[in-house]
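Engineer: Got a structure for you, questions after.
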Ligand code: M6R
């Protein structure tokens with residue numbers, strides 16, 4: 001999973017490629033590279049580590065050329081070394097690739113038998129050598145590329161340039177996204193429109209199986225059967241401005257603090273301006289007619305779906321099945337009549353979620369997406385979409401995307417309850433009012449940050465941390481653990497508090513802090529009883545509750561964080577903030593790369 005970019009223009013392209021790579025680095029950041037075609041052949045520069053290493057290298061040793069390709073990598077086959085960094089090249093062709101070539105081993109053996117020497121451990125290098133082989137047999141670069149594509153299995157998008165061809169860029173898409181940008185006397189390719197925003201807003205997206213032949217002033221696209229096709233060119237709304245950190249040290253901190261505002265935007269867009277009730281006039285799924293909702297998503301988005309299950313079942317009586325997208329798509333779940341599929345995704349590009357969506361559509365499910373990036377593949381493919389209004393989320397750890405997903409799911413559950421007639425108008429009004437209070441409550445909750453910093457200092461040296469919660473706080477406990485793991489590299493687990501005594505209690509000693517999420521809901525007494533069980537075994541508890549909850553447990557808890565009082569319905573939104581801030585400040589104390597933690601990428605476009 002990686003970001004790719006390419007340009008064929010009448011100007012020097014390397015600076016354009018490097019800026020594009022900066023915008024694509026959310027897709028992977030373990031190494032990067034660029035290649036251009038010069039009068040003498042292929043020029044290439046690659047660097048291990050962050051993109052800045054490549055920028056420094058190119059500054060010392062510039063790459064001239066009016067045509068080029070670039071890549072920012074998240075390693076799949078072969079470690080994140082310079083040798084494995086893209087573009088991969090022979091003396092005749094250079095290739096950038098996003099995705100996985102599943103039959104690369106077989107192709108590699110075939111090429112090795114022809115005495116081809118491989119320089120990297122990647123799956124991508126077979127593409128380079130196959131194209132080179134066909135060119136050596138007398139095919140044109142376009143013919144050689146098409147012949148090669150026909151031999152590849154897997155999901156990929158490609159950019160290909162050729163020695164001696166200073167006005168020819170080939171591109172292909174099979175399963176992973178690729179946009180073509182139409183500029184003035186220039187054509188571009190990129191994994192998304194954001195990368196091309198400073199260059200052009202005239203974008204078309206390749207469909208699966210498409211192959212494109214680009215010159216600086218023309219683009220021809222051929223479908224999987226080789227027929228010339230037109231793909232619509234749309235004016236992209238993506239802004240050319242680079243999103244900055246403002247006064248904040250990290251994007252993650254900025255995004256945590258943006259939550260009152262983006263939650264306000266998200267919630268307002270889901271409400272009728274006059275009545276203030278949940279209002280989804282364009283909802284194409286008739287919740288009165290379905291008897292099951294299947295939710296598929298990954299990571300934090302999956303956890304948002306877990307919270308939604310509690311809401312849908314409680315308020316609308318609709319039975320909800322929630323599954324990790326990579327599991328659902330392979331486990332042959334029976335296709336049910338009158339069921340709908342809901343996918344949740346910040347990026348709209350996560351491959352497992354996208355494939356779950358495609359499988360659901362093929363199986364006859366009506367499909368709905370809750371998506372943050374409007375120009376994403378899922379947004380284009382789902383039957384109906386509700387957009388979260390989180391704005392660009394740059395930090396790899398999801399924060400504002402998560403809470404805007406929760407707000408949208410809360411409103412959707414109320415909508416389902418309304419059309420299914422399972423709640424009274426009065427209850428719906430009361431619950432909606434609680435949702436509308438969220439931006440203000442979040443603004444207040446952010447005041448706990450100084451206290452959280454102190455607690456972070458006390459526990460940042462722990463090796464393991466347990467998060468516990470009941471009801472909707474169980475998924476939030478999982479989210480707390482996920483956030484902490486991904487940015488601080490501390491091992492953490494989120495458990496249903498009632499499950500503690502069935503195994504995890506054995507882990508408890510004074511070195512394993514326990515974070516207990518205990519809003520004042522119907523389960524508070526039981527959750528506090530779990531706290532006593534922990535304390536009785538020497539465990540140190542951080543209790544997160546409102547003032548009343550904190551007052552009841554002050555003597556037992558080692559630390560407390562006080563949240564504003566809220567209705568239990570909206571507690572998952574509010575209680576997400578302290579766990580985000582805690583993970584952030586622990587990671588800062590540990591000195592990790594908060595916005596780009598090791599081994600991760602923002603959008604995971606491989607299986
Ligand atoms: O873009 P998506 O919402 O589909 O991404 C899904 C997960 O990869 C993502 O939520 C991931 O778990 C986050 N890094 C967690 O903070």
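In the working numbering, the protein residues as written are 1 to 607.
Where is the CB? At the ideal position from N, CA and C, for every residue including glycine.
1. Looking at C-alpha atoms only, which residue of 95, 130, 332 and 96 is the closest neighbour of residue 112?
2. Check residue 48 in the structure and name its three-state DSSP category.
3. Quick check on residue 242: buried or exposed, where buried means 16 or more other Cβ atoms within 10 Å of its Cβ?
4. Any heavy atom of the ligand M6R closer than 7 Å to the CB of residue 408?
5. Considering only their Cβ atoms, is the gap separating residue 388 from residue 370 smaller than 8 Å?
6. Compute every distance between the C-beta of residue 191 and the non-hydrogen atoms of the ligand M6R, then say whether any falls below 7 Å.
7. To the nearest angstrom, how far is it from the Cα of residue 226 to the Cα of residue 179?
8. Which residues does DSSP pair with residue 559 in a beta bridge?
9. In chain order, what residues of the same chain lie with their CB nearer than 6 Å to the CB of residue 135, ignoring the 5 residues before and after it?
10. Of the residues 395, 375, 281 and 382, which one's Cα is nearest the Cα of residue 201?
11. Where do the N-terminal and C-terminal ends of the alpha helix (DSSP H) with residue 265 fall, by residue?
12. Provide the residue span of the beta strand (DSSP E) that contains residue 411, from first to last.
13. Among residues of its own chain, excluding the 5 on either side of residue 610, which ones have a beta-carbon nearer than 7 Å to its beta-carbon?
14. Express the C-alpha separation of residue 571 and residue 259 in angstroms, rounding to a whole number.
15. Which term fits residue 463, buried or exposed, when burial requires 16 or more other beta carbons within 10 angstroms of its beta carbon?
16. Relative to the ligand M6R, is the shortest distance from any of its heavy atoms to the C-beta of residue 266 smaller than 7 Å?
17. Note down, one range per segment and in chain order, each alpha helix (DSSP H) of at least 4 residues found wholly within the region 171-235.
18. Would you say residue 300 and residue 482 are within 8 Å of each other, going by their C-beta atoms?
19. Evaluate contact between the region 24-39 and the region 56-73, counting only Cβ atoms and requiring at least three cross-stretch pairs below 8 Å.
20. Just to confirm, does residue 482 get its C-beta within under 7 Å of one of the non-hydrogen atoms of the ligand M6R?
21. Taking 7 Å as the cut-off, does the CB of residue 603 come closer than this to any heavy atom belonging to the ligand M6R?
22. Between residue 162 and residue 98, which are expected to be in contact by the criterion C-beta below 8 Å, what is the C-beta distance as a whole number of angstroms?
23. One question on the structure: do residue 100 and residue 87 come within less than 8 Å of each other, judged by their Cβ atoms?
24. Straight-line CA distance for residue 21 to residue 52?
25. Given residue 407, which residues of its chain have a CB within under 7 Å of its CB, disregarding the five upstream and five downstream residues?
26. By Cβ distance below 7 Å, which residues in the same chain neighbour residue 208 in space, the five residues on each side in sequence not counted?
27. What residue ranges within the region 576-600 form continuous alpha helix (DSSP H) runs of no fewer than 4 residues, ordered along the chain?
28. May I ask which residues mark the beginning and end of the beta strand (DSSP E) holding residue 488?
29. Go ahead and pull the three-state DSSP assignment for residue 139.
30. Three-state secondary structure (DSSP) at residue 169?
31. Does the region 344-360 come into contact with the region 600-607, if we say contact requires no fewer than three beta-carbon pairs (one atom in each stretch) closer than 8 Å?
32. For residue 298, verify whether its CB is less than 7 Å away from any heavy atom of the ligand M6R.
33. Reducing DSSP to helix, strand and coil, say where residue 98 ends up.
34. Which residue comes first and which comes last in the alpha helix (DSSP H) that contains residue 510?
35. Just mark residue 123 as buried or exposed, buried being the case when its beta carbon has 16 or more other beta carbons within 10 Å.
36. Output the residue ranges of the alpha helix (DSSP H) runs that lie fully inside the region 262-339 and measure 4 residues or longer, sorted by chain position.
Structural biologist: On the basis of the data shown:
1. Of the residues 95, 130, 332 and 96, the one whose Cα lies closest to the Cα of residue 112 is 130.
2. Residue 48: strand per DSSP, three-state reduction.
3. exposed
4. no
5. yes
6. no
7. Within the model, the alpha-carbon separation for residue 226 versus residue 179 is close to 19 Å.
8. 542
9. Within the same chain, Cβ atoms closer than 6 Å to the Cβ of residue 135 are found at 92 and 144, the five residues on either side in sequence being excluded.
10. Proximity to residue 201 across 395, 375, 281 and 382 peaks at 375, based on C-alpha coordinates.
11. 259-269
12. No beta strand (DSSP E) contains residue 411, which is instead part of the alpha helix (DSSP H) from 400-420.
13. This structure cannot settle anything about residue 610, because the visible part of the chain is limited to 1 through 607.
14. 15 Å
15. exposed
16. no
17. Whole alpha helix (DSSP H) segments, 4+ residues: 193-196.
18. Yes. Within cutoff.
19. yes
20. yes
21. Checking every heavy atom of the ligand M6R against the Cβ of residue 603, one is found closer than 7 Å.
22. About 20 Å; that fails the 8 Å criterion.
23. Judged by beta-carbon spacing, residue 87 lies beyond the 8 Å limit of residue 100, meaning their Cβ atoms are not closer than that value.
24. One C-alpha to the other measures close to 10 Å.
25. Same-chain partners within the cutoff: 263, 266, 267, 435, 438 and 573.
26. 173, 174 and 175
27. Contiguous alpha helix (DSSP H) elements confined to the region 576-600 occur at 576-590, taking only those with 4 or more residues.
28. Per DSSP, residue 488 belongs to no beta strand (DSSP E); it is in the alpha helix (DSSP H), 473-488.
29. coil
30. strand
31. The region 344-360 is in contact with the region 600-607.
32. yes
33. In the structure shown, residue 98 falls within a strand segment according to DSSP collapsed to helix, strand and coil.
34. Where residue 510 is concerned, there is no enclosing alpha helix (DSSP H), given that its DSSP letter is neither H nor E.
35. buried
36. 299-311 and 325-328
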